[in-house]
Every structure is written in structure tokens, then in C-alpha cells.
Amino acid sequence: MANENTYFWLIITLAFVMTVLSGTISSRRRRLPTLRPIPGYEAMPRAVDESIESDRRLHLSPGSAAVGQTSTITAIAATSIIYALTERQSFLNRSPLVTLTDPVTMAMTNDLLRKAYMARENLTAYRSRVVSWFPQGQNSVAFGAGAAIRAKSMDTSSHIMVGEFGPELAFIGEASMRFRQNFVAASTTLEGQAIAYVQSDAPLIGEEIFIGSAYLEPQSATFAGGVVALDALRWALIIAIIIAAIVNA
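Numbering (my numbering), first residue to last: 21 to 269.
Here is the structure:
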């Protein structure tokens with residue numbers, strides 16, 4: 021048990037050190053590292069641009085990810101994506117639709133939307149009512165059905181669902197296919213990720229949910245450094261597993 025704790029903190033320390041070093045080196049060179057392409061993050065800006073050109077709303081959602089609960093990290097990652105995409109179109113007089121199930125996350129999301137519009141000095145366009153709450157809980161069928169209906173009534177062009185979802189994600193995916201809308205999805209639960217992989221145009225896989233800021237806010241050397249560190253640790257772990265398998269063979 022002691023060895024497991026030692027290895028855990030060693031990995032955390034290495035991740036922190038590599039993130040800081042990567043960000044520092046990138047800042048000094050004034051050139052950000054080249055990140056591996058991720059189709060999901062390439063599709064998101066295109067979805068925003070399409071909504072601008074078509075004069076329709078985006079539908080964004082963190083699902084049941086909740087601040088202050090076991091899904092806090094997921095909620096923070098999901099809302100950072102919501103902020104980045106909202107800021108990209110915050111010069112408009114139209115806010116994106118955001119659907120969720122947690123009231124605390126709802127308050128945080130409203131604050132992030134307000135900041136996104138303040139960044140473009142367009143606070144008069146901010147509308148808190150575009151953040152819609154649905155009955156709380158994981159795998160909430162009411163959320164899936166209600167969010168799909170709400171998105172249809174507000175004439176959305178794309179659905180970007182990144183957070184914690186279960187089988188209810190299929191309601192959104194089915195609606196996007198029926199109305200020929202863009203659908204980008206990812207979930208930290210196995211059921212939701214399976215649906216996202218099948219129905220989404222460009223799903224995010226695994227830990228890709230947590231690196232959105234590096235792709236959607238590319239001017240940040242720290243965020244980019246974190247992605248480089250994560251990729252390096254992944255390869256280090258793969259090599260360590262292979263070596264351990266060879267040694268124990």
C-alpha cells in the first residue's frame with residue numbers, strides 16, 4: 021500500500037513538473053508546442069462559426085457534472101469549454117443555450133457566460149435565462165428529453181455535450197441526427213461515452229475532456245504545456261508497462 025501511494029505521488033509530481041517546464045520553455049521561445057490533432061476540438065470552433073453564419077444558437081451542456089461532488093473536476097473542465105466557445109461568439113446579441121442538472125454548476129456557468137460577454141464589452145447581450153436547469157440526478161431521462169425539446173424550441177444549430185452523461189445522451193444524439201445538426205459529445209461514464217462514440221460526429225475520448233483549454237484557448241503556454249506533459253506521461257506509462265511485462269515474463 022505504501023509503495024502504491026509513493027508511485028501515485030511520484031506521478032503527480034512528475035506531471036506538475038513537466039507541465040511547468042513545458043509552459044516555461046514555450047513562453048521563453050514565444051512559440052507554443054504543436055499539439056496532436058483531436059477531431060472533437062477541431063469540430064467545436066467550426067460549430068460556433070456555423071451558428072454565427074446561420075444566425076442560430078449553440079447548445080452546450082456539462083450534463084450532470086456537479087461542482088462540490090465526485091464529478092467536480094469534470095464540471096470544471098466542461099464549463100471551461102463552455103466559456104471558451106461562448107467567448108468566441110460573444111460579440112453577437114445572442115447567447116448560447118446551456119442545459120444542465122446541478123444548481124451550483126448552473127450558478128457558476130451563468131457567471132462564466134457573463135464574463136465571456138464582459139471580455140468583448142458586450143454585457144448587454146448576456147441573458148441568464150438561456151441557462152436551463154432540468155431535474156437533478158445521473159442518468160436523468162427528464163434531462164435528456166427536456167434538453168432535446170428545449171434545444172429544438174430555441175432553434176439550435178449544433179449540440180456540444182461534454183461532461184457527465186449516461187443513456188440520456190441518446191435523446192440529444194437522436195435529435196441531432198433527425199434535424200441534421202452537428203453533434204460533438206464526450207462523457208466520463210462508460211454508458212455515455214459509448215453513445216457519444218456511436219452518435220457523435222467527432223467524439224472526445226477519455227482524458228481529452230480535460231484538455232479543452234489548450235485547444236480552445238491556444239494562446240496559453242501553461243495549458244499547452246499541460247497537454248505535452250500528459251502525452252509524455254502516457255508514453256512513459258506505456259513503456260513502463262512493457263518493461264514490467266518483459267521483466268516478469
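Beta carbons are placed, not taken as given, at the ideal position from N, Cα and C, and that holds for glycine.
Query raised in the report: In the DSSP assignment, what are the bridge partners of Ala176?
Result: The sequence position of residue 176 within the sequence shown is 156, counting from 1. The residue asked about is misnamed: residue 176 is Thr in this sequence, not Ala. Answer is Arg77, bridged to Thr176.
**Report entry** Cα-Cα separation, Ala264 to Arg147
**Finding:** Here residue 264 corresponds to residue number 244 of the sequence shown, with the count starting at 1. Here residue 147 corresponds to residue number 127 of the sequence shown, with the count starting at 1. About 55 angstroms.
Query raised in the report: Under a three-way DSSP split, which group does Asn142 fall into?
Result: By one-based count along the sequence shown, residue 142 stands at place 122. Residue state, collapsed to three classes: coil.
Requested in this report: From the DSSP output, read off the bridge partner residues of Phe203.
Outcome: Here residue 203 corresponds to residue number 183 of the sequence shown, with the count starting at 1. Per DSSP, the beta-bridge partners of Phe203 are His179.
Query - Between the CA atoms of Ser100 and Asn268 - distance to the nearest angstrom - result: Working through the sequence shown from its first residue, we reach residue 268 at position 248. Working through the sequence shown from its first residue, we reach residue 100 at position 80. Cα-Cα distance, rounded: 43 angstroms.
**Report entry** Residue range of the alpha helix (DSSP H) that includes Ser233
**Finding:** Walking along the sequence shown from the start, residue 233 turns up at place 213. Unbroken alpha helix (DSSP H) run through Ser233: 232 to 236.
Requested in this report: Would you mind reading off the limits of the beta strand (DSSP E) that contains Ser152?
Outcome: Your numbering for residue 152 matches position 132 in the sequence shown. Where Ser152 is concerned, the enclosing beta strand (DSSP E) stretches over 151 to 153.
Query - Three-state secondary structure assigned by DSSP to Val118 - result: Residue mapping note: residue 118 aligns to position 98 of the sequence shown, counting from 1. DSSP places Val118 in strand when its eight states are reduced to three.
Query raised in the report: For Glu83, which beta-bridge partners are listed by DSSP?
Result: Start at 1 with the first residue of the sequence shown, and residue 83 comes out as number 63. It should be noted that the sequence gives Gly, not Glu, for residue 83. Note: Gly83 sits in a beta bridge opposite Leu120, Glu184.
Query - Straight-line Cα distance separating Thr54 from Tyr61 - result: The residue given as residue 61 occupies position 41 in the sequence shown. The residue given as residue 54 occupies position 34 in the sequence shown. Approximately 14 angstroms between the Cα atoms of the pair.
Query raised in the report: Whose CA, out of Ile93, Ile169, Leu80, Thr106, lies closest to the CA of Glu228?
Result: Residue 228 sits at position 208 when you count from the first residue of the sequence shown. It is Ile93 whose Cα lies nearest to the Cα of Glu228.
Query raised in the report: Comparing the CB of Met174 with every heavy atom of the ligand SAM, is any distance shorter than 7 angstroms?
Result: Within the structure as shown, the ligand SAM is missing, as the structure has no ligands at all.
Requested in this report: Throw me the rounded Cβ distance for the Thr121 and Ser152 pair, which I believe falls under 8 angstroms.
Outcome: Translated into positions along the sequence shown, residue 121 becomes position 101. Translated into positions along the sequence shown, residue 152 becomes position 132. Contact check for Thr121 and Ser152: beta-carbon distance about 10 angstroms, past the 8 angstroms limit, so the pair fails to qualify.
Query raised in the report: Is DSSP giving Leu224 helix, strand or coil here?
Result: As a working note, residue 224 is residue 204 in the sequence shown. In this structure, Leu224 counts as coil in the three-state DSSP scheme.
Report task. With DSSP collapsed to three states, give me the class of Phe163. Result -> Here residue 163 refers to the residue found at position 143 of the sequence shown. Here Phe163 sits in helix by DSSP.
Report task. Compare the Cα-Cα distances from Val313 to each of Glu194, Gly212, Ala206, Met126 and report the closest residue. Result -> Because the chain in this structure spans residues 21 to 269, residue 313 falls outside the shown range and cannot be described.
Query raised in the report: Is the CB-CB distance between Gly88 and Val124 below 8 angstroms?
Result: Working through the sequence shown from its first residue, we reach residue 88 at position 68. Working through the sequence shown from its first residue, we reach residue 124 at position 104. Taking the C-beta atoms as reference points, Val124 is found nearer than 8 angstroms to Gly88.
Requested in this report: In the DSSP assignment, find the unbroken alpha helix (DSSP H) run with Leu105 in it and report its ends.
Outcome: Taking the first residue of the sequence shown as 1, we reach residue 105 at position 85. That run of the alpha helix (DSSP H) goes 92 to 108.
**Report entry** Phe191 - containing alpha helix (DSSP H), residue span
**Finding:** The count along the sequence shown starts at 1 and reaches residue 191 at position 171. Per DSSP, Phe191 belongs to the alpha helix (DSSP H) from 189 to 198.
Query raised in the report: For the candidate residues Ala195, Gly186, Ile231, Asp175, whose alpha-carbon lies nearest to that of Arg114?
Result: Reading the sequence shown from its first residue, position 94 is the one you call residue 114. For the residues Ala195, Gly186, Ile231, Asp175, the minimum Cα distance to Arg114 belongs to Asp175.
Query raised in the report: So, is Leu189 buried or exposed, given that buried needs 16 or more other C-beta atoms within 10 angstroms?
Result: Position 169 of the sequence shown, counted from the first residue, corresponds to residue 189. Taking all protein chains shown into account, Leu189 has 16 or more neighbouring C-beta atoms within 10 Å of its C-beta and is therefore buried.
Query raised in the report: Nearest-angstrom Cα distance between Ile102 and Gly193?
Result: Here residue 102 refers to the residue found at position 82 of the sequence shown. Here residue 193 refers to the residue found at position 173 of the sequence shown. Just so you know, the alpha carbons of Ile102 and Gly193 end up roughly 19 angstroms apart.
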